[in-house]
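Report on one structure; see the data block that follows.
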Amino acid sequence: MHATLPLLATSDFPAIVRGRLETLQLNLGYLCNQSCLHCHVNAGPKRKELMTRQTMDQILACAERLDVRRFDLTGGAPELNPDFRYLVRSARERGIALMDRCNLTVLSEPGHEDLVDFLADNGVDVVASLPCYLEQNVDAQRGDGVFQRSIQGLRQLNRAGYGQPDSGLSLSLVYNPAGPDLPPPQQALEAAYKDHLKTHYGIVFNRLFTLANMPIQRFGSTLVSRGQFDDYMALLRSAHSEANLSAVMCRSLLSIDWQGYLYDCDFNQMLGLPLRLDGRPRTHISQLTEHALEGNPIVVADHCYGCTAGQGSSCGGALNG
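Residues in the sequence shown are numbered consecutively from 190, following my numbering.
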């Protein structure tokens, strides 16, 4: 795999600093039942990295110290961590809201038949990956049969109340472009998703997030192999909008890797660019106290243009428009 950090490290991306910390994004490990081309984590079935219960307990303690009331659970497939349910229950006992970034096909993996009911019983918001509403496009990006398994998973979620009016169970979908392009306008694409999925499959959901593909890990390496890396970076830079800087996710979110080390965002985590705090080369969650993160400089490189291009892109979808 081609390393992309040397191509990104020299950057003129604007300096930005942290605001108030609102969310801890926990990468529970790189194990996944899929190996998607666009995956910036390079996750897959052979990855062994998994967060331990000890690290989870350190994160829970830190959340209480800093009064952080929201966890964003990601991976890999976060549900494949053996202690996923322990973490969810422990967080809910402390009044912490939870978001699960689900690839949908994990819901039909052996041993996870009751996962939808577990998520619903604990009031976990589901953010589900579905990079297109057309079967051929999804299977081309994620593997044969993935689309139909995803539809099956969405129907399970709908039956449990997810996406249904007044259920209190939020279901969001995530779109990624198939190649080196910017996402289309989020509002119009959401309308197209809702119409197609309702008409053809009877599926409903609350909102669509459009995310730009990051030029790192598997997707970045593919760009390099195809000679498209420079053109994609030129596209991101040319579409940069200063207005997006105030809303980028790294200003209010802290990313924690499977070992408990801290990063400004999940993308920096995958590039090995740790949070800079108190002169340490890297900081573990157990070392984070009431120290004010607010105003701390955020580590930036050229991949950050992926978050500010066009309508902007973050873990919560488009930043404007």
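All residues carry an ideal CB built from backbone N, CA and C; glycine is no exception.
Spell out the partners DSSP gives threonine 263 in its beta bridges.
DSSP output for threonine 263 lists Asn216 as bridge partner(s).
Tell me which residue opens and which closes the alpha helix (DSSP H) that arginine 348 is part of.
Arginine 348 -> alpha helix (DSSP H) spans 335-348.
For the pair the region 287-294 and the region 473-485, tell me if three or more CB-CB distances fall below 8 Å.
Cβ pair count under 8 Å is below three, so no.
As an exercise, report each continuous beta strand (DSSP E) stretch of at least 3 residues that is fully enclosed by the region 386-425, in chain order.
As far as the region 386-425 is concerned, its whole beta strand (DSSP E) runs of at least 3 residues are 396-399.
Less than 6 Å between C-beta atoms, sequence neighbours within five positions excluded: which residues of the same chain meet that for glycine 484?
Within the same chain, glycine 484 has close Cβ partners Val206.
Would you grab the beta carbon distance between asparagine 222 and valine 316 for me? Rounded to a whole angstrom, and I think it's under 8 Å.
About 17 Å separates the two Cβ atoms, so there is no contact after all.
How many Å lie between arginine 242 and leucine 249 at the Cα?
Spanning the two alpha carbons is a distance of roughly 10 Å.
Please classify arginine 331 as buried or exposed, where buried requires at least 16 other C-beta atoms within 10 Å of its C-beta.
When all chains shown are included, arginine 331 counts as buried.
Across which residues does DSSP place isoleucine 445 in a beta bridge pair?
DSSP, once it has assigned bridges, lists Leu215, Leu451 as partnering isoleucine 445.
Does the beta-carbon distance from phenylalanine 202 to cysteine 439 come in below 8 Å?
No; because the gap between Cβ atoms is not below 8 Å, this pair is not in contact.
So alanine 490 and serine 200 are in contact, right, with Cβ under 8 Å, and what is the actual spacing, rounded?
The pair is a contact, with the Cβ atoms about 5 Å apart (cut-off 8 Å).
How about alanine 377 and proline 320: do their beta carbons lie closer than 8 Å?
No, they are not a contact pair.
In the DSSP output, which residue or residues are listed as bridge partners for methionine 288?
Answer by DSSP bridge pairing, in chain order: Asp261, Asp314.
Given a cut-off of 8 Å on the beta-carbon distance, is the pair threonine 497 and serine 430 in contact?
In contact: threonine 497 and serine 430 (Cβ atoms closer than 8 Å).
So, proline 309 versus tyrosine 275, is the Cβ gap smaller than 8 Å?
In the sequence under discussion, the amino acid at residue 309 is alanine, which differs from the proline named in the question. No, the pair does not count as a contact, with Cβ atoms beyond the cut-off.
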